[in-house]
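Take a look at the structure set out below.
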Amino acid sequence: MSETTKPGHKGQDYEQTLDRSDARVAAFDRGQHSPLERVQHVLHNNPTLVPVIVLLVSLAVFGLIAGGKFFSAFNLSLILQQVSIIGILAAAQSLIILTAGIDLSVAAIMVLMSVIMGNLAVFAGVPTGISIVIGLIGGVAAGGMNGWLITKVKLPPFITTLGTWSIFYALLLWLSGAQSIRGQDIDANAPFLKIFGASFNIGGARITLSALLMIAVFLVLWYMLNKTAWGRHVYAIGDDKEAAQLSGIRTDRTLLSVYGLAGLVCALAGWASIGRVGSISPQSFYEGNLDSITAVVIGGISLFGGRGSILGALFGALIVGVFRSGLRLSGVDVLWQVFAIGWLIIIAVAIDQWIRRVSA
Amino acid sequence: MSTPVVQARGIVKRYGHVTAIDHSDFELRKGEILAVIGDNGAGKSSIVKAICGATVPDEGEILIEGKPVRFTSPIQARDMGIEIVYQNLALSPALSIADNMFTGREIRKQGWMGKYLRMLDKPAMEDFAREKLTELGLMTVQSIKQPVETLSGGQRQGVAVARAAAFATKFIIMDEPTAALGVKESRKVLELIQDVRARGIPIILISHNMPHVFEVADRIHVHRLGKRLCTIDPKDYTMSDAVAFMTGAKEPPSEHAA
Ligand SMILES: Nc1ncnc2c1ncn2[C@@H]1O[C@H](COP(=O)(O)OP(=O)(O)OP(=O)(O)O)[C@@H](O)[C@H]1O
Ligand SMILES: [Mg+2]
């Protein structure tokens, strides 16, 4: 072993040729990749590309099979309307899944808040605007409770939200007495609750406000996730929570804000659902939790967190809507619609795994 | 003698039954490069993590420039101008190089877009990140926007080192910063370390590379079995002496030599 270096002698003996070393830096290799590898790479950099392609292809295929019935402005706007509530829930679910969590309680929060808004505005005589604000705050509180259990009590998100799903569901059955609030009663006492059911026509398309709300929610969340520091932190936490914390992110605070915001979005979905459904039913959207996860997964957002764009969930929700509508109009039985959605989920996750391998 | 930058006494850190730090002392002086050497598992990473707030020690006191501190989060240390390159780097693989350099201290756009919409000034962050990486001369990457997971291990290490050097104002801790680097890149990091010291910022360098340690260090802290065994002046001892102390083959000098 050599001893300490002599003064004026830079570095070790074996480093003496460094001055003459090639000043070029590692050039990145281009080409020499199979077309498949290149596809894999492009998809890795643009995770929303897969759902967009699937959406366009399925539109084209169903357009060919079911023809004009399917490919009319009216039917396409109907699909948009049909997916709007699950779409908004999927936006909330995306936020959580990006942090490598999962929320099984989104639909329960949504229906609970619609029941609270309805009870207050229709039966308790609270001004509709105030009822809505209370419902929205309730959404933040319910999501915040999930967040608190996950960050402070340190329970896994799956178990936490499995528990709160039951809790919120029991609460909503209690508050509603397992009875629906009828559309007529809402119209008579608090018509503003149904505002998101309003629609207008352009061409042959009938655009409902709930569909516009869904798109607005996605755009706002996309902005927050991609253009603000908060959004970068959400991705960093989903990627590697430990590293995020060490590199100066207040992970617990960020996670709490994510769950609270998701709760708010669920409550918004609850408000919109009143207009969409026309009444407030405690039994509605019982499968909303799983439907929202389906949309997120088909949209190419990784269940392992940190990967994917929230816009993918919008496309995921639309793909599900397009499949349902297209298969129905092609005269396929409902059970095969469910069958097809099942395969979509499995294929989406398989593609996600394949894309992730690029970085391994 | 002026107050040391860091002075820690009697630090203890236990992980369950393992005592990672066992009543260890630690001292970093103004403007110096302090190397920390020791066997694997000696507790080198543990003690520097306790100093920078990544872990909270069970016992002991830490003074920074004479003032007692009790960090409960690395953010508090960072706010004082203390930066660390972690042994496992602590980067977010899916985020870009620029995003990683600025995690937790992002720059917002000027004007209302930044103030009310909290919009990030991505071009400014990217320019800064590019400049720092070029300064380091560690590498040229395809794009500053590329995710860190697409970089090689050494390139990632370069990003972590550049991040620490760019933001530190008080001192820098580097936990094996050249472990994944090639000969040329290691040399760049050693030069960077000396540049940083020339700026008056002291450095704690953990390394297993004895020639590097003996080349740049002003003092060497030998860590053994969870505590500081001794501190030596590299001019007074040979590498074989240092290795003998740290492995227990030879008794350490009775008085602290440096
Ligand atoms: N998070 C942890 N949980 C449990 N034990 C730990 C943890 N971190 C460190 N240890 C233990 O503490 C001891 C010291 O570890 P440390 O990482 O500080 O060693 P080191 O000197 O940095 O080693 P190396 O040279 O390999 O990096 C080891 O016995 C290790 O097993
Ligand atoms: Mg270590």
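Just so you know, the protein sequences line up as chains P and Y, in that order.
Position 9, counted from 1, in the first sequence is what the numbering used here calls 9; the numbers after and before it change by one each time, with no gaps.
In the numbering used here, each residue carries its 1-based index in the second sequence increased by 1000.
The beta carbon of each residue, even a glycine, is placed where N, CA and C say it ideally should be.
Quiz item: Cβ atoms of residue 1049/Y and residue 1223/Y: under 8 Å apart, would you say?
Solution: no
Exercise. Under 8 Å Cβ to Cβ from residue 1059/Y, same chain only, skipping five residues before and after it: list those, please.
Key: 1010, 1011, 1012 and 1023
Exercise. Rank 180/P, 246/P, 332/P and 323/P by C-alpha distance to the C-alpha of residue 1055/Y and give the top, closest one.
Key: 246/P
Quiz prompt | Boundaries (first-last residue) of the beta strand (DSSP E) holding residue 1014/Y | solution = 1006-1015
Quiz item: Exposed or buried, what is residue 1202/Y when buried is set at 16 or more other beta-carbons lying within 10 Å of its beta-carbon?
Solution: buried
Quiz item: Among all residues, which have a Cβ less than 6 Å from at least one non-hydrogen atom of ligand 1, and in what chain order do they fall?
Solution: 1015/Y, 1018/Y, 1020/Y, 1038/Y, 1040/Y, 1041/Y, 1042/Y, 1043/Y, 1044/Y, 1045/Y, 1046/Y and 1087/Y
Quiz prompt | Where the alpha helix (DSSP H) through residue 52/P begins and ends | solution = 49-66
Exercise. Provide the residue(s) that pair with residue 1147/Y in DSSP beta bridges, ordered along the chain.
Key: 1096/Y
Quiz item: How many angstroms separate the CA atom of residue 1027/Y from the CA atom of residue 147/P?
Solution: 41 Å
Quiz item: What three-state label does DSSP hand residue 178/P in the structure shown?
Solution: coil
Quiz item: What is the C-beta distance between residue 168/P and residue 314/P, in whole angstroms, given that I count them as a contact (C-beta under 8 Å)?
Solution: That belief does not hold up - the Cβ atoms of residue 168/P and residue 314/P are roughly 25 Å apart, past 8 Å.
Self-check item: Minimum C-alpha distance to residue 72/P - residue among 355/P, 351/P, 344/P and 325/P
Solution: 325/P
Exercise. Report whether the distance from the Cβ of residue 1259/Y to the nearest heavy atom of ligand 2 is below 7 Å.
Key: Limits of chain Y in this structure are 1001 at one end and 1258 at the other, which puts residue 1259/Y out of reach.
Quiz prompt | Proximity winner among 294/P, 278/P, 276/P and 119/P, relative to residue 174/P (alpha-carbon distances) | solution = 119/P
Self-check item: Of the listed residues 162/P, 114/P and 58/P, nearest to residue 284/P (C-alpha basis)
Solution: 114/P
Quiz item: Taking the DSSP output, what are the residues bridged to residue 1107/Y?
Solution: None; residue 1107/Y has no bridge partner.
Exercise. With DSSP collapsed to three states, give me the class of residue 1264/Y.
Key: A question about residue 1264/Y goes unanswered here, because the residues of chain Y that appear run from 1001 up to 1258.
Quiz item: Any Cβ of chain Y within less than 8 Å of the Cβ of residue 306/P?
Solution: yes
Self-check item: Cβ neighbours of residue 1170/Y in the same chain (closer than 6 Å, five flanking residues each side left out)
Solution: 1080, 1081 and 1082
Self-check item: Within chain P, the residues that residue 1090/Y reaches when beta carbons sit closer than 7 Å
Solution: 243, 246 and 247
Quiz prompt | Contacts that residue 151/P makes with chain Y (C-beta to C-beta distance below 8 Å) | solution = The contacting residues do not exist; residue 151/P stays about 14 Å from chain Y at best.
Quiz item: By the 10 Å Cβ neighbour count, where 16 or more other Cβ atoms means buried, how is residue 1100/Y classified, buried or exposed?
Solution: buried
Exercise. Pick out whichever of 277/P, 164/P and 252/P has its Cα sitting closest to the Cα of residue 184/P.
Key: 277/P
Self-check item: Collapsed DSSP secondary structure at residue 41/P in the structure displayed
Solution: helix
Self-check item: residue 1175/Y - partner residues in DSSP beta bridges
Solution: 1206/Y
Quiz item: How long is the line joining the alpha carbons of residue 194/P and residue 298/P, rounded to whole angstroms?
Solution: 30 Å
Exercise. Output, in sequence order along the chain, the residues in the region 206-234 of chain P whose CB is closer than 8 Å to any CB in chain Y.
Key: 223, 227, 228, 229, 230, 232 and 233
Quiz prompt | Minimum Cβ-Cβ distance from residue 350/P to chain Y less than 8 Å | solution = no
Quiz item: Taking the alpha carbon of residue 1052/Y as the point to measure from, which residue in 1038/Y, 1065/Y, 1123/Y and 1073/Y has its own alpha carbon closest?
Solution: 1073/Y
Quiz item: Between residue 1175/Y and ligand 2, is the CB less than 7 Å from at least one heavy atom?
Solution: yes
Exercise. Name, going along the chain, the residues of the region 1174-1189 of chain Y whose beta-carbon falls closer than 8 Å to a beta-carbon of chain P.
Key: 1183, 1184 and 1187
Quiz prompt | Through-space distance from residue 345/P to residue 177/P, alpha-carbon basis | solution = 36 Å
Practice problem: Measure the Cβ-Cβ separation of residue 236/P and residue 229/P and say whether it is below 8 Å. | Solution: no
Practice problem: Can you say whether residue 339/P is buried or exposed, counting buried as having 16 or more other CB atoms within 10 angstroms of its CB? | Solution: exposed
Exercise. Note down the Cα distance separating residue 1188/Y from residue 1036/Y, rounded to an integer number of angstroms.
Key: 20 Å
Quiz item: Since residue 1167/Y is in the beta strand (DSSP E), which residue starts that stretch and which ends it?
Solution: Looking at the DSSP string, residue 1167/Y is not in any beta strand (DSSP E); the run it does join, the alpha helix (DSSP H), is 1153-1167.
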